[in-house]
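Read in order, the letters of the sequence shown are residues 502 to 667 in our numbering. Using N, Cα and C, we set each Cβ at its ideal position, and we do this for glycine too. Since we're looking at a predicted model, the values are computed, not measured.
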Amino acid sequence: MKSKWLTTLFLFTFSFSAPNVVANDQEEIKVDDKIYIIRHNINTMVKGSENNFTGYVTISPLITAKDPLDKSAGYVTFQAGARTNWHTHPNGQMLIGVAGKGRVQKWGDDIIEINPGEVVWVPAGVKHWHGASPDYYFTHFALADIVDGKSSDWLEKVTESQYQSK
502 MKSKWLTTLF
512 LFTFSFSAPN
522 VVANDQEEIK
532 VDDKIYIIRH
542 NINTMVKGSE
552 NNFTGYVTIS
562 PLITAKDPLD
572 KSAGYVTFQA
582 GARTNWHTHP
592 NGQMLIGVAG
602 KGRVQKWGDD
612 IIEINPGEVV
622 WVPAGVKHWH
632 GASPDYYFTH
642 FALADIVDGK
652 SSDWLEKVTE
662 SQYQSK
């Protein structure tokens with residue numbers, strides 16, 4: 502299972518860093534039965550839904566449900582104090598800190614700080630939230646499988662007292 506994620510991440514990272522990978526619009530190129538290259542405009546950003554986030558959040562999607570990989574992946578940037586709702590993933594989620602200072606918390610556990618370069622694995626069905634620290638922005642790369650058409654099950658908002666508890 503973890504090697505599948507690492508292989509996908511490696512292939513994605515290799516493809517992302519290769520020359521001529523960025524196109525103006527999404528483009529799928531089927532090379533053969535095993536290799537796909539999905540080209541996106543990496544400057545495309547969407548505002549995170551107020552139904553799933555607290556505070557200002559932008560998402561730069563790289564792999565979406567309409568892509569052939571059954572994965573969801575992208576960069577998510579949280580303004581200071583911004584965060585996800587509590588949520589779970591049907592097949593787990595990998596987060597890789599890119600910039601800033603972040604936080605993650607499993608339901609019932611303490612908040613854990615996340616720094617650039619750190620990798621967080623959240624197993625399937627684990628209720629959690631993640632986002633920025635109270636006074637610094639945070640960007641992470643998120644990767645999750647799409648199962649039955651979705652990668653996340655969104656739950657209630659993280660209260661201010663839950664967010665501030667340390």
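Ile613 is bridged by DSSP to Val605. One thing to note: Val547 has its Cβ no nearer than 7 Å to the Cβ of Ile538. Asn552 and Gly632 have their alpha carbons spaced roughly 15 Å apart. With contact defined as three or more Cβ pairs closer than 8 Å, the stretch 598 to 605 and the stretch 621 to 637 are in contact. In this structure, Ala643 sits near Leu596, with a CB-CB distance shorter than 7 Å.
Inter-residue distance for Ile615 and Gln580 is about 15 Å (C-alpha atoms, whole angstroms). The beta carbon of Tyr637 lies closer than 7 Å to those of Ala581, Gly601, Lys602 in the same chain, with the five residues before and after it left out. When Thr545, Gly593, Asn586 are compared, the shortest CA-CA separation from Gly575 is found for Thr545. Under DSSP, Thr589 forms a beta bridge with Asp654. The beta carbon of Thr589 lies closer than 8 Å to those of Ala625, Gly626, Val627, Lys628, His629, Ser653, Asp654, Leu656 in the same chain, with the five residues before and after it left out. A distance below 6 Å between beta-carbons, with the five flanking residues on each side excluded, links Ile613 to the following residues of its chain, in chain order: Val605. Note on Ser666: under 16 other CB atoms within 10 angstroms of its CB, so exposed under the neighbour-count rule. Taking the CA atoms as reference points, Ser573 sits about 5 Å from Ile564.
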